[in-house]
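S.K.:
Number of protein chains: 2
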Amino acid sequence: MQIGDLSRATGVNIETIRYYERAGVLPPPARQSNGRRSYGAADARRLGFIRHARELGFDLSSVRVLLALQEQPEASCEDASRIAQSQLEAVESRLARLLSLRDELSRMISECGRGRVSECRVIEALAAGQTQPHG
Amino acid sequence: MQIGDLSRATGVNIETIRYYERAGVLPPPARQSNGRRSYGAADARRLGFIRHARELGFDLSSVRVLLALQEQPEASCEDASRIAQSQLEAVESRLARLLSLRDELSRMISECGRGRVSECRVIEALAAGQTQPHG
DNA sequence: CTTGCTCCTGTAGTTACTACAGGTTCTAGC
DNA sequence: GCTAGAACCTGTAGTAACTACAGGAGCAAG
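Read top to bottom, the protein sequences are chains A and B.
Quick note on numbering: the first sequence equals residues 8 to 142 in this note's numbering.
Quick note on numbering: the second sequence equals residues 8 to 142 in this note's numbering.
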């Protein structure tokens, strides 16, 4: 499998695959006699794992830890669970934040009189925010 | 007001204030005779506006547009409303995505047997994801 | 044998900052 | 007047996770 095939198989950009190799989450693959990268099914599985973890919001350093854990099946599961737990907490706090943003944006839009900017609630809402406390 | 005062007044990092000047969202301020930046109340208001917009998830190019609109009060409100509307849509889609991530993470964690990695549902859940379609 | 595709390396650009190096200026205390 | 230490200045580089491009090589088809 050349890099283009792996890209099509996994939906991951070619440049991103090479980036993952530089970043140390994909091992340097074997090379064909002409110097081109040669991948196998294991690489596709690993890349699929990485892609899914990234889509779940794990950063590459967490992915590295998860991959290392995966390679020692006798190790404890707690590290993986802890990473997922902290990821869940981050997701919960992003959720709470986004919910309040949605409310504020909805309110801004519904209050916009569709008149002149001087009467526009959108800009006023943004300007008003500066006096409110923020955590 | 020197840059440090403005920073304390708005809660925006000094380096970030200088960055905003380079990025063209804060106008280059007057300088004291010693070359130091000198700000007024209008700058603090503008920076508060920028900060609030950034907290709402607007990127700097949207902030630039909103600021430009703000400066021509005779213009139509529709541009501002449209920016807020597209922002709302982005927030809604991020919300939907995060909600499903939360469910998947919760499930992963609750199914983790807290045994060996070989039985770990967290890693398995990530590996399994690769065969599922993603939009 | 030329066109065009895929691949290679290496570097620079992206966003929104943040951090540092190396230098100047101001302020307070002695 | 002198010195220590803030606070400020410019300019550059680092961050994450890519993305894009320059410039060159190999390969397959017509």
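Beta carbons: idealized from backbone N, C-alpha and C, even for Gly.
For A30/A, decide whether its Cβ has a neighbour in chain B, counting only Cβ atoms nearer than 8 Å.
M.R.: For the purposes of this step, residue 30/A is taken as residue 23 along the first sequence, with counting starting at 1. Closer than 8 Å: no.
S.K.: In chain order, what residues of the same chain lie with their CB nearer than 8 Å to the CB of G31/A, ignoring the 5 residues before and after it?
M.R.: Here residue 31/A refers to the residue found at position 24 of the first sequence. Once the five neighbours on either side are set aside, the close Cβ partners of G31/A are R71.
S.K.: Would you mind telling me which residues of chain A sit closer than 7 Å to A103/B, beta carbon to beta carbon, in chain order?
M.R.: Walking along the second sequence from the start, residue 103/B turns up at place 96. Neighbours of A103/B on chain A: none; closest Cβ ~10 Å, over 7 Å.
S.K.: Just tell me which of E96/A, P34/A, L95/A has its CA closest to the CA of L74/A.
M.R.: Stepping through the first sequence from its first residue, residue 74/A is reached at position 67. Measuring from the Cα of L74/A, the nearest candidate turns out to be P34/A.
S.K.: Does DSSP classify S100/A as helix, strand or coil?
M.R.: Locating residue 100/A in the first sequence gives position 93, counting from the first residue. Correct three-state label for S100/A: helix.
S.K.: Using a C-beta cutoff of 8 Å, does R114/B count as contacting chain A?
M.R.: Looking up residue 114/B in the second sequence gives position 107. Answer no: the Cβ-Cβ gap between R114/B and chain A never drops below 8 Å.
S.K.: List, in chain order, every chain B residue whose beta-carbon is nearer than 7 Å to that of G64/A.
M.R.: Position 57 of the first sequence, counting from 1, holds the residue named residue 64/A. Proximity of chain B to G64/A at the Cβ level (cut-off 7 Å) is accounted for by L108, in chain order.
S.K.: Count the other C-beta atoms from every protein chain shown that fall within 10 angstroms of the C-beta of R2/B, then say buried if there are 16 or more, exposed otherwise.
M.R.: The requested residue 2/B is not part of the displayed model; chain B covers only 8 to 142.
S.K.: Could you pull the start and end residues of the alpha helix (DSSP H) that A60/B belongs to?
M.R.: Residue numbering aside, residue 60/B sits at position 53 when the second sequence is read from its first letter. First-last of the alpha helix (DSSP H) with A60/B: 48 to 62.
S.K.: Quick one: give me the first and last residue of the alpha helix (DSSP H) that S40/A is part of.
M.R.: Within the first sequence, the letter at position 33 stands for residue 40/A. Segment: none, S40/A is in no alpha helix (DSSP H) and carries neither H nor E.
S.K.: Please say whether Q92/A and I116/B have beta carbons closer to each other than 8 Å?
M.R.: If you number the second sequence from 1, residue 116/B lands on position 109. If you number the first sequence from 1, residue 92/A lands on position 85. Cβ distance < 8 Å, so I116/B and Q92/A count as in contact.
S.K.: In chain A, which residues lie with their C-beta within 9 Å of the C-beta of L33/B?
M.R.: Residue 33/B sits at position 26 when you count from the first residue of the second sequence. Under the 9 Å cutoff, chain A gives no residues; its nearest Cβ is about 14 Å from L33/B.
S.K.: Give the C-beta separation of L76/A and A87/A to the nearest angstrom, bearing in mind that I take them to be a contact with Cβ-Cβ under 8 Å.
M.R.: Residue 76/A sits at position 69 when you count from the first residue of the first sequence. Residue 87/A sits at position 80 when you count from the first residue of the first sequence. About 5 Å separates the two Cβ atoms, so the contact holds.
S.K.: So, helix, strand or coil for A91/A, using DSSP?
M.R.: Locating residue 91/A in the first sequence gives position 84, counting from the first residue. Helix, per DSSP.
S.K.: Along chain A, in chain order, which residues have C-beta atoms closer than 8 Å to that of V98/B?
M.R.: Start at 1 with the first residue of the second sequence, and residue 98/B comes out as number 91. Chain A residues near V98/B: L105, L108, R109, L112.
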